[in-house]
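Here's the structure, in structure tokens; my notes come after.
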Amino acid sequence: MFSPLERDLVAAIADAVDHAHAILPVAGDPDGAHLAGIDRAVERATTAYEAAGFEFVSTAPTGPSDRLAERLYRFDDRDRLPRSTIEQAGVERRHYPTAAHELRGTFRQVAEWIGSGTTPSEIAVVVPDLAACTEQVAETAAQYDLSPHIAREVGLANTELGEVLVNAFRLGADDATVRDLLRLVDNPLTDPDWPADPVDAATVLAAGSALEATDLHTLCEYLATDEPGTADAIDWLKERCGRLADCTSDTAPDRLTDLLSDLGVIDADADDWTLATDHATGWVGARERAALRGVSDVVDSFEGTAIPPTVEFAERLQTAFDSETVDVEAGTTDDVRVCTPSTAAYISVEAVVVLGLTDDRMPSNPTRLAFARSVNDAHPDFAESDAVQQARHAIGGQIADADTVVLSRPLYTTDGDETVPADILTELDRVTAEDAIPTEQVDDVDVAPRSREDIQRRLAGALADQPVVDDGAPTTAETDLVDAIADADALTNAAGDPTERLRAGVACAAGRRSPVTTAYDGDLSPETVQEFAAASTPLSPSRVDRYASCGFKFYAKTVLGFDEPDSEPLELDALDSGRLVHNIFARFVRSLQSAPGDPVTVETDEAHQTAMYDAAVAEIERPYVHAHETAFHDGWLQRLFAGLEPAGTNEYDGPDGYEGLLVRALRSLADETSRFTARPAYVEADVGVEADGHIDDPVATTGRDDDPVTLLGGEAVDLLPEAPFRFRGKVDRVDVVAGTTPTQVTAIDYKTGSYPSVADIRGGTSFQPAVSAPVGGGARRRGRRRRGVLRPRHPDECGHVDVAVHESTPHELRRRHTPATSSHHRLVRLPPRSGRRTGRGPRSERQRERGGPRPRGPLPRVPPRDTRRATHDDHAGDDRGGVPSDAVGRGQGQLRLLCVRGRL
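Numbering (full-length UniProt numbering), first residue to last: 1 to 904.
Here it is as structure tokens:
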């Protein structure tokens with residue numbers, strides 16, 4: 001506070017006049033040896049006034065509010081202030097469950113004050129982190145019919161109009177990307193006046209995904225054949241944006257006007273720049289109008305300015321837009337004031353609410369770099385301002401000045417973690433007697449509703465508290481509650497009879513919560529289902545799981561075809577990371593085979609390390625990997641390749657002794673060779689689908705291997721003849737035991753993302769393992785018989801996972817959704833892999849029942865050959881499928897894969 005410019009202004013006034021009076025808000029005695037408490041924030045101003053010759057005339061604190069503010073952050077042995085003093089000072093404290101509850105509670109209180117006769121301009125809401133939540137604050141206030149006065153500075157680049165200009169400059173450049181196009185088209189301010197066909201974002205996303213390309217030039221070449229109208233629209237948009245990229249200071253105003261008109265941002269028929277899509281009120285509308293004025297000011301500032309010929313004017317213009325800030329003011333000074341603590345220090349109102357009083361939301365002093373500290377300490381004019389002291393002074397000043405001060409904080413974050421109170425709350429507890437400050441725990445169901453969301457939460461709380469009845473009818477208490485809140489202010493302007501609509505909604509909710517089928521439970525007839533493609537389209541096991549987990553998402557995405565816009569993360573996401581690992585393994589195994597389906601023996605010698613290295617190098621050269629290259633790409637490649645010793649040079653090797661994912665995976669595969677009789681034969685094998693072509697083919701519609709393998713092709717699998725669905729998909733890996741009749745197979749599924757728990761499988765909420773077995777082996781169509789399903793638990797740092805096996809017959813498979821089948825499953829754990837243990841698997845059921853500790857010894861070794869060759873007929877009386885009885889429910893270890901054992 002109090003910059004050198006302000007100091008010089010005070011000195012100039014003192015020299016120019018004989019008498020001058022200045023008011024400096026302090027809580028203590030300024031004539032003391034030094035300022036203390038909240039007055040430390042005005043030390044610089046006090047020094048400036050003394051140097052200018054001012055004489056201080058102080059008034060000792062007399063009122064309860066003044067005495068409370070004066071005691072803050074002054075550490076002495078005076079007695080704590082009693083509750084009576086706090087009540088006279090008008091200080092209250094409120095706690096809310098979360099920040100969202102706090103915002104609603106704050107403006108609900110403001111609405112009550114206004115309804116009680118308080119002038120809106122005499123109310124202030126102080127938000128410490130206003131810059132981070134301005135839109136949320138404005139939207140919440142609008143729910144209570146409030147249009148608060150908010151004034152703050154915003155960077156032009158942080159507005160929607162700024163985003164339009166940034167993406168327009170990028171689109172006009174030669175290296176434009178698909179992301180630049182989509183961001184410009186999807187901007188809420190743009191509605192381009194297309195000369196013919198518009199640019200469809202869904203078409204662009206689909207084409208970009210198929211091409212695995214991010215540059216716009218490649219996309220346009222592809223669309224020119226399949227979607228010429230879209231390609232022409234993109235070319236038109238690039239041409240319009242390109243005219244701005246090569247403008248001069250003389251042509252910039254006209255070209256910018258033409259571009260914003262073509263994009264539908266401004267009204268082409270208006271004399272001055274006016275937003276075509278304008279918000280009449282609210283923060284967002286005020287921000288965009290201010291941004292439009294800022295753009296006009298930037299363009300006007302170049303008028304008559306000589307630009308050196310060596311400097312591109314478009315670059316200078318873009319830099320000016322990026323660095324421009326605009327002053328945004330929403331509402332009027334007659335409305336409720338919403339401001340930061342620093343602004344609150346200069347206003348005087350009757351009622352103040354200070355919200356968000358948690359440690360992480362209060363202002364803090366930034367960490368100073370070492371080389372800057374000497375500069376800050378060299379002279380008082382260079383000293384860094386203390387944001388913490390300023391916030392303390394501002395809040396303390398409101399406590400001393402306002403008639404009513406409400407201090408609030410959310411108790412929990414959105415993640416459920418408890419918040420840390422701000423130091424001002426801790427300080428108030430120190431200087432006041434125990435429980436001297438009235439503290440109210442506020443919940444949405446405890447207050448009178450003043451917005452539609454209040455009404456919804458009030459009803460939801462009432463429905464949750466009522467016992468569930470079998471008939472699905474609303475209770476008397478719920479009906480009475482509807483009558484009580486039907487006259488709420490939030491519904492007075494609503495269409496129709498609020499009471500009837502509320503009753504209908506409560507009746508629907510009561511019917512839906514009932515365990516019995518009521519009139520509110522939807523039913524799709526077979527005729528309706530047949531209208532949608534999903535009824536005849538084969539479903540993959542993962543899609544069946546998606547339906548089981550959330551029918552609404554499945555209906556929206558699979559049946560109606562509503563897809564979210566694909567994101568373009570800088571790093572490989574879980575989907576692409578899994579795709580990379582899967583395809584590397586597929587390339588590696590295929591390179592060792594003379595023909596698809598030949599079992600291979602994996603070793604750790606130089607030849608196999610070379611094959612793994614070559615497979616990985618070929619895969620990372622694909623476009624979808626290059627699209628995510630960042631400054632950390634080399635380090636990521638080291639974590640993948642380190643430790644591999646191919647015949648040539650490992651270009652991505654890491655430090656000595658460091659082993660990456662691939663060498664650890666190779667060692668694990670070789671370890672399986674020594675322990676089991678089955679050998680890898682099919683990797684990324686298709687079941688019921690046909691490959692779409694070469695993996696690097698630019699016109700391929702899906703990502704397939706460059707040498708696709710079909711395990712069961714032609715048509716989808718009729719898993720259950722009585723079911724209306726067919727199934728298809730891919731099996732990550734199929735191992736085969738050579739020389740067995742019938743042929744014994746093991747289906748393996750790698751999990752690189754989330755995984756279902758054993759409880760989900762047994763409870764009938766996860767169906768992927770139960771469907772994967774017959775899909776992978778063609779169980780019903782070719783008589784293959786499944787022996788068991790192994791599910792993963794959690795991956796260790798080497799990428800391996802824990803597994804558990806469940807036995808079931810084909811008849812039980814059809815009944816997996818019923819709880820009665822859970823007794824048919826047994827939890828079996830395989831031996832740990834060799835090497836250092838890096839994780840722990842789940843406890844056995846027997847250990848969970850008796851609450852015993854986790855054993856640390858190795859698991860009993862399962863005889864590999866007998867176990868892998870076991871068939872259901874060999875163990876008709878043992879539902880453990882050939883696994884020794886002493887291995888059931890025992891031991892702990894790091895397990896490896898999801899497997900399905902069976903025979904052909």
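Virtual Cβ for every residue (Gly too), placed ideally from N, Cα, C.
In this text the structure is predicted, and so the values were computed from the model without any measurement.
Taking all protein chains in view, the Cβ of T332 is surrounded by fewer than 16 other Cβ atoms within 10 Å, so the residue is classified as exposed. Pairing G660 with L640 gives a Cβ-Cβ distance under 9 Å. Note: S408 is bridge-paired with R94 in the DSSP secondary-structure output. Around the beta carbon of N158, a 10 Å sphere encloses fewer than 16 other beta carbons of the protein chains shown; the residue is thus reported as exposed. In the structure shown, E651 falls within a coil segment according to DSSP collapsed to helix, strand and coil. T134: member of the alpha helix (DSSP H) spanning L130 to Q143, first to last residue. Around R71, the same chain offers G37, R78, L81 and V431 as residues with beta carbons nearer than 8 Å, after the five sequence neighbours per side are excluded. The three-state reading of DSSP puts V683 in strand, counting E and B together. Per the coordinates, the alpha-carbon of G294 lies some 10 Å from the alpha-carbon of G162.
The continuous alpha helix (DSSP H) containing V581 extends over residues A574 to S591. Counting along the chain, no alpha helix (DSSP H) covers T159, and no H or E run does either. A direct Cα-to-Cα measurement between T479 and C339 gives close to 42 Å. Around the beta-carbon of V600, 16 or more other beta-carbon atoms lie within 10 Å, marking it buried.
Segment contact: the segment 228 to 244 against the segment 139 to 150, fewer than three CB-CB distances shorter than 8 Å; contact not assigned. Residue pairing from DSSP leaves P599 without any beta-bridge partner. Look at the beta carbons and you see the segment 261 to 269 touching the segment 188 to 197: at least three pairs across the two are nearer than 8 Å.
The residue among V298, V328 and R733 with its C-alpha nearest the C-alpha of P596 is R733. The shortest C-alpha to C-alpha distance from G739 to any of A100, E288, T673 and D598 is the one to D598. Looking at the DSSP output, C508 shares a beta bridge with no other residue.
Among the bridge pairs identified by DSSP, D327 is matched with E153.
Under the Cβ criterion (8 Å, minimum of three pairs), the segment 114 to 125 counts as touching the segment 347 to 358. Contact between the segment 82 to 92 and the segment 411 to 422 is absent, with fewer than three C-beta pairs closer than 8 Å.
In the structure shown, D735 falls within a strand segment according to DSSP collapsed to helix, strand and coil.
A distance below 9 Å separates the beta carbons of L156 and F321.
Look at the beta carbons and you see the segment 353 to 369 not touching the segment 166 to 182: under three pairs across the two are nearer than 8 Å. Exclusion of the five residues before and after E160 leaves N187, P188, L189 and E288 as the residues of its chain whose Cβ lies within less than 7 Å of its Cβ.
Using a Cβ-Cβ distance cut-off of 8 Å, the segment 602 to 614 and the segment 660 to 679 are in contact, since at least three pairs of beta carbons, one from each stretch, lie closer than that value. Taking A647 as the centre and dropping the five residues before and after it, the same chain places the C-beta of E606 and T610 closer than 7 Å to its C-beta, in chain order. Y49 is not a Cβ neighbour of V17, given a cutoff of 9 Å. Of the residues I620, H626, A616 and R622, the one whose Cα lies closest to the Cα of L644 is A616. Looking at P438, R392, D200 and A383, the one whose alpha-carbon comes closest to that of T404 is P438. Rounded to whole angstroms, the gap between the alpha carbons of A747 and V589 is 15 Å. The beta-carbon separation of A306 and D246, rounded to 19 Å, does not stay under the 8 Å limit for a contact. Of the other Cβ atoms in all chains shown, 16 or more fall within 10 Å of the Cβ of A627; this residue is therefore buried.
For the 9 Å CB-CB criterion, V154 and A344 do not form a contact.
Sequence-distant partners of L211 (beyond 5 residues in either direction) whose C-beta falls short of 7 Å from its own C-beta, in its chain, are T218, L219, Y222 and P698.
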